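Some notes on the structure that comes next.
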Amino acid sequence: MTVLGGYYFDGKSALRHPAELELAGNEVRLKRDAEVRSFPSAELLVSPRTGAQSRLLTLPDGGQFQCDDADALDRLPQVSPGEGIVAWLEQRWGVALGCVVLVALVLFAGHRFGLPAAAESIALRIPIESEQNLGEQVLDSMHEFGWLLPSQIDVQRQEKIRARFNQFRRGQTYEAYLDLQFRASGAIGPNAFALPGGTVVITDDLVRLAETDEEVLAILAHEIGHIERRHVMRTLIQNSLVAVAATAVTADAATLTAAVAGLPVVLLQSEYSREFEEEADEYSFALLQEHGISPDAFADIMERLQLRYPDSESTLLNFLSTHPQTESRISNARRAADEDEPTSDPP
Amino acid sequence: MMRFPGLFDHPTPRRMSTPSLDAENEPAKATPIISDGGLQAVEIHDERTIPIEFTGQAGVYFRIWIVNLCLTLLTLGIFSAWAKVRKKRYFYASVRIDDSPMQYLAEPIPILKGRLVAAALLFIWWFSSSFYLPALPWVLGAGLIIAPWIVASSAAFNARYSAWRNLTFVFHGNYLGAAVTIYWLGLIPIVILGLMFDGSDSGIIGELVSALGWLALLVILAAGVLFPWWLNRLKRFIATNTSYGTARVVYGARGGQFFGVYFMAGFILLLAAILSAMLAFFVGGIDPDSSSQLFLLTIPVYLGYVFAFAYVRANVTNLVWNQAHLGSVSFLSTMRGGELFALYLTNALAIIATVGLAIPWAVMRTMRYRVEHLSARTDRPLSDFIGDDRSNVRAAAAETGDFFDLDLSL
Numbered sequence: 087m088t089v090l091g092g093y094y095f096d097g098k099s100a101l102r103h104p105a106e107l108e109l110a111g112n113e114v115r116l117k118r119d120a121e122v123r124s125f126p127s128a129e130l131l132v133s134p135r136t137g138a139q140s141r142l143l144t145l146p147d148g149g150q151f152q153c154d155d156a157d158a159l160d161r162l163p164q165v166s167p168g169e170g171i172v173a174w175l176e177q178r179w180g181v182a183l184g185c186v187v188l189v190a191l192v193l194f195a196g197h198r199f200g201l202p203a204a205a206e207s208i209a210l211r212i213p214i215e216s217e218q219n220l221g222e223q224v225l226d227s228m229h230e231f232g233w234l235l236p237s238q239i240d241v242q243r244q245e246k247i248r249a250r251f252n253q254f255r256r257g258q259t260y261e262a263y264l265d266l267q268f269r270a271s272g273a274i275g276p277n278a279f280a281l282p283g284g285t286v287v288i289t290d291d292l293v294r295l296a297e298t299d300e301e302v303l304a305i306l307a308h309e310i311g312h313i314e315r316r317h318v319m320r321t322l323i324q325n326s327l328v329a330v331a332a333t334a335v336t337a338d339a340a341t342l343t344a345a346v347a348g349l350p351v352v353l354l355q356s357e358y359s360r361e362f363e364e365e366a367d368e369y370s371f372a373l374l375q376e377h378g379i380s381p382d383a384f385a386d387i388m389e390r391l392q393l394r395y396p397d398s399e400s401t402l403l404n405f406l407s408t409h410p411q412t413e414s415r416i417s418n419a420r421r422a423a424d425e426d427e428p429t430s431d432p433p
Numbered sequence: 003m004m005r006f007p008g009l010f011d012h013p014t015p016r017r018m019s020t021p022s023l024d025a026e027n028e029p030a031k032a033t034p035i036i037s038d039g040g041l042q043a044v045e046i047h048d049e050r051t052i053p054i055e056f057t058g059q060a061g062v063y064f065r066i067w068i069v070n071l072c073l074t075l076l077t078l079g080i081f082s083a084w085a086k087v088r089k090k091r092y093f094y095a096s097v098r099i100d101d102s103p104m105q106y107l108a109e110p111i112p113i114l115k116g117r118l119v120a121a122a123l124l125f126i127w128w129f130s131s132s133f134y135l136p137a138l139p140w141v142l143g144a145g146l147i148i149a150p151w152i153v154a155s156s157a158a159f160n161a162r163y164s165a166w167r168n169l170t171f172v173f174h175g176n177y178l179g180a181a182v183t184i185y186w187l188g189l190i191p192i193v194i195l196g197l198m199f200d201g202s203d204s205g206i207i208g209e210l211v212s213a214l215g216w217l218a219l220l221v222i223l224a225a226g227v228l229f230p231w232w233l234n235r236l237k238r239f240i241a242t243n244t245s246y247g248t249a250r251v252v253y254g255a256r257g258g259q260f261f262g263v264y265f266m267a268g269f270i271l272l273l274a275a276i277l278s279a280m281l282a283f284f285v286g287g288i289d290p291d292s293s294s295q296l297f298l299l300t301i302p303v304y305l306g307y308v309f310a311f312a313y314v315r316a317n318v319t320n321l322v323w324n325q326a327h328l329g330s331v332s333f334l335s336t337m338r339g340g341e342l343f344a345l346y347l348t349n350a351l352a353i354i355a356t357v358g359l360a361i362p363w364a365v366m367r368t369m370r371y372r373v374e375h376l377s378a379r380t381d382r383p384l385s386d387f388i389g390d391d392r393s394n395v396r397a398a399a400a401e402t403g404d405f406f407d408l409d410l411s412l
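Each protein sequence line maps, in turn, to chains E and D.
Per the numbering used here, the very first residue in the first sequence carries number 87; after that it's consecutive.
Per the numbering used here, the very first residue in the second sequence carries number 3; after that it's consecutive.
Next up, the structure:
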């Protein structure tokens with residue numbers, strides 16, 4: 087028989103009454119002053135163990151008994167039986183240490199492999215039509231803000247490039263959605279981007295910077311890569327999932343960490359965007375080679391871009407590691423061109 | 003049983019000299035005025051302090067935190083409902099009032115349901131804000147309709163599943179009360195409606211709508227100034243609709259006092275901005291291309307922001323507690339903005355230095371600070387607090403299982 091000292095709360099007022107609870111087989115006896123009452127122990131409900139705090143037993147009469155934690159309590163009916171295992175795990179430093187390692191591994195693997203794979207498989211299941219509305223809105227607002235103006239490139243050159251772009255389109259998954267637009271740029275300088283929904287925009291400054299049409303096509307192939315690999319949708323999904331995961335990890339210190347947690351999230355997200363650039367580069371090298379163009383064309387225009395517009399990428403947002411990235415992208419292109427040397431024949 | 007709604011009305015000592023709370027002490031300490039007449043004068047007591055302690059330990063909480071985080075990650079978030087319950091139980095049990103722990107009674111399943119509903123709502127918002135902006139105002143409009151329900155139902159959930167000495171808290175507010183409170187003067191609805199109809203520009207409707215747009219702009223400006231009064235109304239709504247057993251909370255803070263706190267916080271932010279500008283001036287010309295210099299200049303602004311945040315936290319908490327009563331119990335909260343700022347700053351540094359492993363330690367010491375700067379006094383015995391059918395722990399347990407019994411407070 088186990089005797090537990092503690093307090094009884096009758097559930098009618100906030101007074102506490104010193105009492106004793108005797109656990110004897112199938113019966114519990116509550117002793118309070120001179121009064122003794124018996125209950126079947128199967129009708130007790132014991133609150134889960136939390137750290138080394140007191141536990142509370144709910145009695146059939148609507149009363150409650152507060153006592154220190156004791157092993158005997160685990161043999162009585164529990165409010166939440168499944169939590170016993172968790173409470174057992176929580177008491178051990180060895181388990182805690184193992185959990186630290188496991189959490190680190192899960193977070194690392196999730197960030198490296200799980201999240202990108204999940205985002206990719208979700209993105210491929212969402213039809214590209216769902217992005218078109220967004221793409222149109224973006225293009226409209228860029229016109230509205232004066233960032234894009236009608237192109238000044240002569241129509242013949244446009245048509246020449248477009249014809250080769252159409253060759254590139256053939257056989258792509260999103261062939262019917264890929265669309266090329268020339269625009270003069272009000273504020274964004276030499277630039278090209280893939281809009282959600284399949285439209286590729288290239289600015290006049292970038293077309294003029296190119297010494298050959300092949301260089302323009304190298305850039306366009308890169309943008310086709312963004313669209314074919316669904317980078318817009320994957321970025322959206324991945325960034326949202328990173329934000330959700332960061333919230334889950336720091337949840338109960340939300341007010342403490344809100345100011346601190348923002349930075350790692352931005353860093354993780356910018357790492358994903360670098361990876362997408364590399365993926366689009368690789369896509370473009372393969373597509374160029376397929377059409378008999380050396381990836382050197384990509385390296386050439388990137389080098390010229392970096393030389394003529396050294397500030398174009400050094401904004402505060404990109405200050406972390408854009409420059410080394412541009413250099414490694416150029417050397418990747420050269421390497422791809424070298425591997426292709428015997429067959430390539432750049433004009 | 004609120005025979006003495008406020009202590010301030012009764013500053014003079016009572017005749018009986020020994021404080022008493024417990025039943026075991028009551029007959030001995032409350033000396034009968036008429037000893038054998040069957041009348042026991044246990045009604046008059048000295049004012050006494052009800053001890054509030056914090057017994058949470060960083061080491062214990064670290065293990066709870068990491069085990070639950072690990073299980074949450076391994077179950078792709080499903081376990082998070084159980085994790086929330088485990089952690090809240092520990093937080094509640096760590097607060098001991100008059101040597102009895104607070105008790106958190108919620109079960110994981112209603113929390114899981116609440117999280118699924120919240121996730122669905124967040125998804126709708128995320129989807130419309132990323133892919134279909136024209137729908138966003140309509141989503142916000144629908145949000146207007148359900149927001150009061152979220153406010154009222156999460157307050158009710160929190161109250162019902164918080165207990166002390168076998169009596170739970172009860173929330174009496176409803177949808178209508180919450181709607182009237184948060185849509186005070188129609189401020190938020192006008193802003194949303196203005197957004198909803200912005201952009202359509204033809205005929206009389208266009209004129210009307212653009213007028214509404216301007217009104218919305220004015221309202222946004224006014225809302226900035228009126229925010230302290232709005233917040234006070236929200237706090238009042240939550241507090242005065244909460245009862246412990248049958249005793250309702252009496253709330254005394256006024257909007258003007260909230261405004262004072264926010265005004266000072268604005269002043270702190272202004273000082274930080276001036277400091278940053280002076281720093282820029284003394285450093286000499288700033289090279290706008292140097293991101294490290296720009297980063298340095300943001301430090302005073304950042305510190306100013308954290309300090310203003312801590313200042314608001316400490317003073318709003320003090321304001322709410324110090325002017326509230328629960329039956330005969332009055333409270334004294336003595337948090338200080340500067341101390342809380344130091345706490346936040348050291349927490350942030352520790353969390354960064356340990357890649358997050360110091361989070362449980364930071365949580366525990368912040369809670370300890372809050373609890374240790376709160377005290378309660380009463381001049382009545384705690385037998386004044388009585389329960390009814392709704393406020394018994396066993397009754398609360400019986401309500402679990404109702405579909406709308408879900409927790410939306412993330």
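Built from N, CA and C at the ideal position, the CB exists for glycine as well.
Predicted model only: the values in this text are computed from it and were never measured.
Within the chosen definition, does the segment 154-172 of chain E reach the segment 133-141 of chain E through at least 3 CB pairs nearer than 8 Å?
With a cut-off of 8 Å, the segment 133-141 of chain E and the segment 154-172 of chain E count as touching, because enough Cβ pairs lie within range.
In three-state DSSP terms, what is A181 of chain D?
As a first step, residue 181 of chain D must be located in the second sequence, where it is residue number 179. Note: A181 of chain D maps to helix in three-state DSSP.
Output the distance between the C-alpha atoms of D291 of chain E and D299 of chain E, rounded to the nearest integer angstrom.
As a working mapping, residue 291 of chain E is identified with position 205 in the first sequence. As a working mapping, residue 299 of chain E is identified with position 213 in the first sequence. Going from the Cα of D291 of chain E to the Cα of D299 of chain E covers about 14 Å.
Let's test the definition: count the other Cβ atoms within 10 Å of the Cβ of R421 of chain E and tell me whether it reaches 16, buried, or not, exposed.
Numbered from 1 along the first sequence, position 335 holds the residue referred to as residue 421 of chain E. R421 of chain E should be labelled exposed.
Compare the beta carbon distance of W323 of chain D and A60 of chain D with 8 Å and say whether it is the shorter of the two.
On the second sequence, residue 323 of chain D is found 321 positions in, with the first residue counted as 1. On the second sequence, residue 60 of chain D is found 58 positions in, with the first residue counted as 1. Against a cut-off of 8 Å, the Cβ pair of A60 of chain D and W323 of chain D comes out as no contact.
Measuring CA to CA, which of E:V189, E:S133, E:R123, E:S414 is closest to E169 of chain E?
Walking along the first sequence from the start, residue 169 of chain E turns up at place 83. Of E:V189, E:S133, E:R123, E:S414, the residue nearest in Cα terms is E:S133.
Residues of the segment 163-178 of chain D in Cβ contact with chain E at a cutoff of 8 Å, in chain order, please.
Residues passing the 8 Å Cβ filter: W166, R167, N168, L169.
What are the partner residues of E113 of chain E, as DSSP defines its beta bridges?
In the first sequence, counting from the first residue as 1, residue 113 of chain E sits at position 27. E113 of chain E is bridged to E:A110, E:P126.
Looking at chain D, is there any beta carbon in it that lies within less than 8 Å of the beta carbon of E121 of chain E?
What you label residue 121 of chain E is simply residue 35 of the first sequence in a count that begins at 1. By this cut-off, E121 of chain E is not an interface position.
Please name the residue, chosen from D:I276, D:F265, D:V331, that lies closest to A249 of chain D on a Cα-to-Cα basis.
For the purposes of this step, residue 249 of chain D is taken as residue 247 along the second sequence, with counting starting at 1. The option with the nearest alpha carbon to A249 of chain D is D:V331.
Return the CA-CA distance between L384 of chain D and R88 of chain D, expressed in angstroms with no decimal places.
One-based indexing of the second sequence puts residue 384 of chain D at position 382. One-based indexing of the second sequence puts residue 88 of chain D at position 86. Cα-Cα distance, rounded: 29 Å.
Spatial neighbours of I208 of chain E within its chain, please: C-beta separation below 7 Å, excluding the five flanking residues on both sides.
Here residue 208 of chain E is taken as the residue at index 122 of the first sequence, counted from 1. If we look at I208 of chain E and ignore the five residues flanking it on each side, its Cβ neighbours are I323.
Answer yes or no: does any C-beta atom of chain E fall closer than 8 Å to that of S385 of chain D?
The residue given as residue 385 of chain D occupies position 383 in the second sequence. Closer than 8 Å: yes.
With a threshold of 8 Å, are at least 3 pairs of Cβ atoms found where one atom belongs to the segment 269-282 of chain D and the other to the segment 296-314 of chain D?
With the cut-off at 8 Å, the segment 269-282 of chain D and the segment 296-314 of chain D touch.
I'd like the list of long-range same chain contacts for A85 of chain D, defined as Cβ closer than 8 Å, with 5 residues on each side in sequence excluded.
On the second sequence, residue 85 of chain D is found 83 positions in, with the first residue counted as 1. Closer than 8 Å at the Cβ level, and outside the excluded window around A85 of chain D, lie N70, L71, L73, T74.
Looking at C-beta atoms only, is the number of pairs between the segment 278-287 of chain E and the segment 311-320 of chain E that lie closer than 8 Å three or more?
Segments in contact, yes.
Can you tell me the Cα-Cα spacing of H327 of chain D and D386 of chain D, whole angstroms?
Translated into positions along the second sequence, residue 327 of chain D becomes position 325. Translated into positions along the second sequence, residue 386 of chain D becomes position 384. Computed Cα separation, rounded: 14 Å.
According to DSSP, is E176 of chain E part of a helix, a strand, or is it coil?
Within the first sequence, numbered from 1, the residue matching residue 176 of chain E stands at position 90. E176 of chain E: helix per DSSP, three-state reduction.
What residues from chain E crowd round Y92 of chain D, counting only those whose CB sits closer than 8 Å?
Along the second sequence, read from residue 1 onward, the residue named residue 92 of chain D stands at position 90. Correct list: T136, G137, Q139.
From this set, E:V330, E:P126, E:F362, which residue's C-alpha is nearest V351 of chain E's C-alpha?
The sequence position of residue 351 of chain E within the first sequence is 265, counting from 1. Nearest option by C-alpha distance: E:V330.
Using a Cβ cut-off of 8 Å, pull out every chain D residue sitting near Y93 of chain E, in sequence order please.
Taking the first residue of the first sequence as position 1, residue 93 of chain E is located at position 7. Near Y93 of chain E (Cβ distances below 8 Å), the residues of chain D are S102.
Please report whether the beta-carbon of G254 of chain D lies at a distance below 8 Å from any beta-carbon of chain E.
Position 252 of the second sequence holds residue 254 of chain D. So no, G254 of chain D is outside the interface.
Under 7 Å: does the beta carbon of S359 of chain E sit that close to some heavy atom of the ligand GDP?
This structure lacks the ligand GDP; in fact it carries no ligand of any kind.
With distances taken Cα to Cα, identify the nearest neighbour of I301 of chain D among D:F311, D:A316, D:L281.
In the second sequence, the residue the question calls residue 301 of chain D occupies position 299. Nearest C-alpha to I301 of chain D: D:L281.
Please report whether the beta-carbon of A203 of chain E lies at a distance below 8 Å from any beta-carbon of chain D.
Your numbering for residue 203 of chain E matches position 117 in the first sequence. No, no contact with chain D.
At a Cβ threshold of 8 Å, is G149 of chain E touching chain D?
What you label residue 149 of chain E is simply residue 63 of the first sequence in a count that begins at 1. Yes, its Cβ sits closer than 8 Å to a Cβ of chain D.
Taking the straight line between their C-alpha atoms, what separation do you get for D332 of chain E and G149 of chain E?
The count along the first sequence starts at 1 and reaches residue 332 of chain E at position 246. The count along the first sequence starts at 1 and reaches residue 149 of chain E at position 63. Going by the sequence as given, residue 332 of chain E is Ala instead of Asp. Approximately 42 Å, taken between the alpha carbons.
Can you pull the chain E residues whose beta carbon is under 8 Å from the beta carbon of A95 of chain D, in chain order?
In the second sequence, residue 95 of chain D corresponds to position 93, counting from 1. Chain E residues near A95 of chain D: T136, G137, Q139, S140.
Only counting runs of 3 or more residues, tell me where the beta strand (DSSP E) segments fall wholly within the segment 259-293 of chain E, in order along the chain.
Here the runs fully enclosed are 265-271, 278-280, 285-289.
Chain D partners of K98 of chain E, CB-CB under 7 Å?
Position 12 of the first sequence, counted from the start, is the residue given in the question as residue 98 of chain E. Within chain D, the residues near K98 of chain E are I388, G389.
Starting from the beta carbon of Q152 of chain E, find every residue of chain D whose beta carbon is closer than 7 Å, and list them in chain order.
If you number the first sequence from 1, residue 152 of chain E lands on position 66. The answer, in chain order, is S102.
Using only CA atoms, which one of D:R382, D:G257, D:F56 lies nearest to Y371 of chain D?
As a working note, residue 371 of chain D is residue 369 in the second sequence. Per the Cα distances, D:F56.
CB T289 of chain E to CB A262 of chain E, shorter than 8 Å?
Indexing the first sequence from 1 puts residue 289 of chain E at position 203. Indexing the first sequence from 1 puts residue 262 of chain E at position 176. No, these two residues do not count as a Cβ contact at 8 Å.
The beta strand (DSSP E) spanning G92 of chain E covers which residue range?
Reading the first sequence from its first residue, position 6 is the one you call residue 92 of chain E. First-last of the beta strand (DSSP E) with G92 of chain E: 88-95.
For R320 of chain E, count neighbouring Cβ atoms within 10 angstroms of its own Cβ and tell me buried if that reaches 16, exposed if not.
Taking the first sequence and counting its residues from 1, one reaches residue 320 of chain E at position 234. By the neighbour-count rule (16 or more Cβ atoms within 10 Å), R320 of chain E is buried.
List, in order along the chain, the chain E residues whose C-beta lies closer than 8 Å to that of Q105 of chain D?
Within the second sequence, the letter at position 103 stands for residue 105 of chain D. Result: S133, L142.
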